[in-house]
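Asks: In our numbering, the protein residues as written are 19 to 460. All C-beta atoms, glycine included, are put in the ideal place defined by N, C-alpha and C.
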Amino acid sequence: MKEDAVNPAAAIALDRRSAAPQPSARAGTMRDVAAAAAGNALEWFDFVIYGYFASVIAKLFFPVAGPVGSLLLATATFGVGFVVRPLGSVVLGLYGDRYGRKAAMSVTIWLMLAGTAAIAVAPPYAQAGWLGATILVLARLVQGFAASGEFGSTVAFLAEKAPPHRRHFFVSLQMSSTMLAIVLGGTIGTILTTSLSPHQLESWGWRVPFVVGLLIGPVGFYIRRSVSETDAFVHGEALPVAQVLKRLFGEHLASFLAASGVTIVSTAAFYMVLIYMPTFAVKQLGLPMSAPFMSTTVAGIVMVAIAPLAGLLGDVWRRPVAMVAAAIVVLSAITLPLYMWVIASPSLRNLLIMQAAAAAPMGVLVGLVPALAARAFPAAVRSTGLAVSYNIPTTVFGGFSPLIVTWLIATTHNKASPALYIVAMSVVSLVALLGFRRMPSE
19 MKEDAVNPAA AIALDRRSAA PQPSARAGTM RDVAAAAAGN ALEWFDFVIY GYFASVIAKL
79 FFPVAGPVGS LLLATATFGV GFVVRPLGSV VLGLYGDRYG RKAAMSVTIW LMLAGTAAIA
139 VAPPYAQAGW LGATILVLAR LVQGFAASGE FGSTVAFLAE KAPPHRRHFF VSLQMSSTML
199 AIVLGGTIGT ILTTSLSPHQ LESWGWRVPF VVGLLIGPVG FYIRRSVSET DAFVHGEALP
259 VAQVLKRLFG EHLASFLAAS GVTIVSTAAF YMVLIYMPTF AVKQLGLPMS APFMSTTVAG
319 IVMVAIAPLA GLLGDVWRRP VAMVAAAIVV LSAITLPLYM WVIASPSLRN LLIMQAAAAA
379 PMGVLVGLVP ALAARAFPAA VRSTGLAVSY NIPTTVFGGF SPLIVTWLIA TTHNKASPAL
439 YIVAMSVVSL VALLGFRRMP SE
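In structure tokens:
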């Protein structure tokens, strides 16, 4: 790979020049970054809204399984979207390393739209029996395949567009824009659940977010058409597929394991505190569906604000590993007390406080971890390394966490199971974070 052979003095000189770009170059870079972040937000909106409406989908598509069984099937269908993500991360990650970050980001948008369209028109069980559930499963597989490539290509793109002294900040915009998708989904969910009757919501209202996603998806593609490819890819070496995999799981195996491990707690907390919360609040706390939509929207806003701030501080203080460790410790310390409190006194106010408090350290994690992972891989394997190291833990510890926790609550009758799950994952990520101690500073 070309950058491997660059003279260190020349590399320092290049970093200094890129740290102070000319005005026209800076404007072009900011346009590219904004386009990548906007497209990312629109694409993730399509992916996460299924989790928001899982309780409604359970009743419509899996009624014969009973209340608990239908919810398990609905959350399992949500998790199905993650089964294909390890494969998709390899395929689309390799595509991004071979044909460019821009090309990969375009492919993922169209795949996500195809899955969203299928869910939007899927017939419920009362109309077509198991055909509707089959369509849901296939659609989630397509969406999962698309999502598997979005993270790697977008983070690689942002990391390579950023000047070295602002790399954490630029990369933090990927997760900040993902949180915007959470806010948008929560806002639409709040509007629907407060303005529609339960009958209206079940008959047609639940489809509205998917139709919205279908309409705004092409906007993301149009925005991304204007971006320019990164210099790191253009001037780097496009390796054969076998060479990319050999390097990734050979000389960069330690980086891969560290990046995968530190991702575990952030993805587990993300799906427990945000995506699974509407189902948990309705089924376990007995709150109206409008309550978790409102509180999740507020939590999303907190993370939208904190993620780029954490990225900026990571660039200024240059201690991102210490900041991530502190965020994990804080999250694990407050999660169980917060869950126990809201379980004992369920209300919209308490749920809002609980989610907003947990969202603060989560914002630090999502603002810093992707940039750490991006620094762990050289450009020739960066898209693949990021995609695979993110999607494997996200599949195992994130996507199936609603199913795992729903089962734990049903079998142990412990409503605090989501908190215990997050605490356990925190320990794993703290151990993995030790692998970043020897990472070269920029």
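1. Kindly indicate which residue of T285, A344 and E269 has the alpha-carbon position closest to the one of G417.
2. Under 8 Å Cβ to Cβ from Y289, same chain only, skipping five residues before and after it: list those, please.
3. Look at the alpha carbon of A38 and the alpha carbon of L390, and state the distance between them as a whole number of angstroms.
4. Does the beta-carbon of I268 have 16 or more other beta-carbons within 10 angstroms, so that it is buried, or is it exposed?
5. Kindly list the residues whose CB is nearer than 6 Å to the CB of T412, restricted to its own chain and excluding five residues on each side of it in sequence; keep chain order.
6. Please check the pair V406 and G114, which I expect to be a contact at CB under 8 Å, by giving their CB distance rounded to whole angstroms.
7. With DSSP collapsed to three states, give me the class of M307.
8. Using only the alpha-carbon positions, how far apart do G150 and D249 sit?
9. If I137 and F274 are in contact, beta carbons under 8 Å, what's the gap, nearest whole angstrom?
10. Can you list, in chain order, the residues of its chain with a C-beta nearer than 7 Å to that of R225? Leave out the 5 residues immediately preceding and following it.
11. Which residue from A344, Y143, A428 and S365 puts its Cα closest to that of V445?
12. Suppose the cutoff is 6 Å on Cβ atoms and the five residues either side in sequence are ignored; what does the same chain contact list for L448 look like?
13. L369 and L292 - do their beta-carbons sit closer together than 8 Å?
14. Would you call the CB atoms of S166 and G106 closer than 8 Å?
15. Could you say which of A397, A260, S401 and V101 lies nearest to H253 if we only look at CA atoms?
16. Measure the beta-carbon distance from A72 to A92 and round it to whole angstroms, keeping in mind my assumption that it falls under 8 Å.
17. Going straight from the alpha carbon of I319 to that of T429, what length do you get?
18. Between the region 140-158 and the region 373-382, do at least 3 Cβ pairs fall closer than 8 Å?
19. Among P436, Y408 and R455, which has the Cα closest to the Cα of R103?
20. Thinking C-beta only, is A56 closer than 8 Å to G332?
21. Would you check if the region 433-440 and the region 184-200 touch, i.e. whether three or more CB-CB distances between them fall below 8 Å?
22. May I ask which residues mark the beginning and end of the alpha helix (DSSP H) holding W425?
23. Check for me: the alpha helix (DSSP H) holding F71 runs from which residue to which?
24. Candidates A375, R367, V339 and T126: which alpha carbon is nearest P355's?
25. Which word fits S363, buried or exposed, when buried means at least 16 other C-beta atoms lie within 10 angstroms of its C-beta?
26. What do you reckon, are the CB atoms on V245 and K120 nearer than 8 Å?
27. Given a cut-off of 8 Å on the beta-carbon distance, is the pair T4 and G204 in contact?
28. Given that a residue counts as buried once 16 or more other Cβ atoms are within 10 Å of its Cβ, and exposed if not, what is G147?
29. Please classify L451 as buried or exposed, where buried requires at least 16 neighbouring CB atoms within 10 angstroms.
30. Measuring alpha carbon to alpha carbon, tell me which of A54, L90 and R49 ends up nearest V423.
31. Let me know the secondary structure DSSP gives A256 once reduced to three states.
32. By the DSSP assignment, the alpha helix (DSSP H) with V387 in it spans what residues?
33. Which residues in the same chain as P296 place their Cβ atom closer than 6 Å to its Cβ, once the five residues preceding and following it in sequence are excluded?
34. Assuming contact is defined by CB atoms lying nearer than 8 Å, are S435 and L366 in contact in what I supplied?
Replies: Taking the definition as stated:
1. If you number the sequence shown from 1, residue 417 lands on position 399. Measuring from the Cα of G417, the nearest candidate turns out to be T285.
2. Position 271 of the sequence shown, counted from the start, is the residue given in the question as residue 289. Correct list, in chain order: G69, G416, G417, S419 and P420.
3. By 1-based counting over the sequence shown, the position of residue 38 is 20. By 1-based counting over the sequence shown, the position of residue 390 is 372. Low per-residue confidence applies at A38: pLDDT is 47, beneath 50, and the placement is therefore not dependable enough to give any value.
4. Reading the sequence shown from its first residue, position 250 is the one you call residue 268. Contrary to the premise, residue 268 reads as Gly rather than Ile in this sequence. Counting Cβ neighbours within 10 Å, G268 comes out exposed, since fewer than 16 surround it.
5. Counting from 1 along the sequence shown, the entry for residue 412 is found at position 394. T285.
6. In the sequence shown, residue 406 corresponds to position 388, counting from 1. In the sequence shown, residue 114 corresponds to position 96, counting from 1. Rounded, the Cβ-Cβ distance is 11 Å, inconsistent with contact.
7. For the purposes of this step, residue 307 is identified with residue 289 of the sequence shown, where counting begins at 1. Three-state result, M307: coil.
8. The residue you call residue 150 lines up with position 132 of the sequence shown. The residue you call residue 249 lines up with position 231 of the sequence shown. Their Cα atoms are separated by approximately 46 Å.
9. Taking the first residue of the sequence shown as position 1, residue 137 is located at position 119. Taking the first residue of the sequence shown as position 1, residue 274 is located at position 256. Incorrect: roughly 33 Å between the Cβ atoms, too far for contact.
10. Taking the first residue of the sequence shown as position 1, residue 225 is located at position 207. Closer than 7 Å at the Cβ level, and outside the excluded window around R225, lie A138.
11. One-based indexing of the sequence shown puts residue 445 at position 427. For V445, the nearest C-alpha among the options comes from A344.
12. Numbered from its first residue, the sequence shown carries residue 448 at position 430. Excluding positions up to five away in sequence, the list reads I346.
13. Stepping through the sequence shown from its first residue, residue 292 is reached at position 274. Stepping through the sequence shown from its first residue, residue 369 is reached at position 351. Cβ distance not < 8 Å, so L292 and L369 don't count as in contact.
14. Against the sequence shown, residue 166 aligns to sequence position 148. Against the sequence shown, residue 106 aligns to sequence position 88. Closer than 8 Å, so yes.
15. By 1-based counting over the sequence shown, the position of residue 253 is 235. Among A397, A260, S401 and V101, the Cα nearest to that of H253 is on A397.
16. The residue labelled residue 72 in the question sits at position 54 within the sequence shown. The residue labelled residue 92 in the question sits at position 74 within the sequence shown. Correct: roughly 5 Å between the Cβ atoms.
17. Position 301 of the sequence shown, counted from the first residue, corresponds to residue 319. Position 411 of the sequence shown, counted from the first residue, corresponds to residue 429. Approximately 34 Å between the Cα atoms of the pair.
18. no
19. Translated into the one-based positions of the sequence shown, residue 103 becomes position 85. Among P436, Y408 and R455, the Cα nearest to that of R103 belongs to Y408.
20. Reading the sequence shown from its first residue, position 314 is the one you call residue 332. Reading the sequence shown from its first residue, position 38 is the one you call residue 56. No, these two residues do not count as a Cβ contact at 8 Å.
21. no
22. As a working mapping, residue 425 is identified with position 407 in the sequence shown. S419 to T430 is the span of the alpha helix (DSSP H), which, as asked, contains W425.
23. For the purposes of this step, residue 71 is taken as residue 53 along the sequence shown, with counting starting at 1. Looking at the DSSP string, F71 is not in any alpha helix (DSSP H), and its letter there is neither H nor E.
24. Walking along the sequence shown from the start, residue 355 turns up at place 337. The candidate whose alpha carbon is nearest that of P355 is A375.
25. Translated into positions along the sequence shown, residue 363 becomes position 345. Classification of S363: exposed, given that the 10 Å Cβ count is below 16.
26. The residue given as residue 245 occupies position 227 in the sequence shown. The residue given as residue 120 occupies position 102 in the sequence shown. Contact: yes.
27. The structure shown does not extend to residue 4, since the chain spans only 19 to 460, so no value can be given for it.
28. Stepping through the sequence shown from its first residue, residue 147 is reached at position 129. By the neighbour-count rule (16 or more Cβ atoms within 10 Å), G147 is not buried but exposed.
29. Taking the first residue of the sequence shown as position 1, residue 451 is located at position 433. By the neighbour-count rule (16 or more Cβ atoms within 10 Å), L451 is buried.
30. What you label residue 423 is simply residue 405 of the sequence shown in a count that begins at 1. Out of A54, L90 and R49, L90 has the C-alpha closest to the C-alpha of V423.
31. The residue labelled residue 256 in the question sits at position 238 within the sequence shown. A256: coil per DSSP, three-state reduction.
32. As a working mapping, residue 387 is identified with position 369 in the sequence shown. It spans L366 to A394 - the alpha helix (DSSP H) in which V387 sits, taken as one unbroken run.
33. Stepping through the sequence shown from its first residue, residue 296 is reached at position 278. Contacts found: Y70 and P310.
34. Residue 435 sits at position 417 when you count from the first residue of the sequence shown. Residue 366 sits at position 348 when you count from the first residue of the sequence shown. Not closer than 8 Å, so no.
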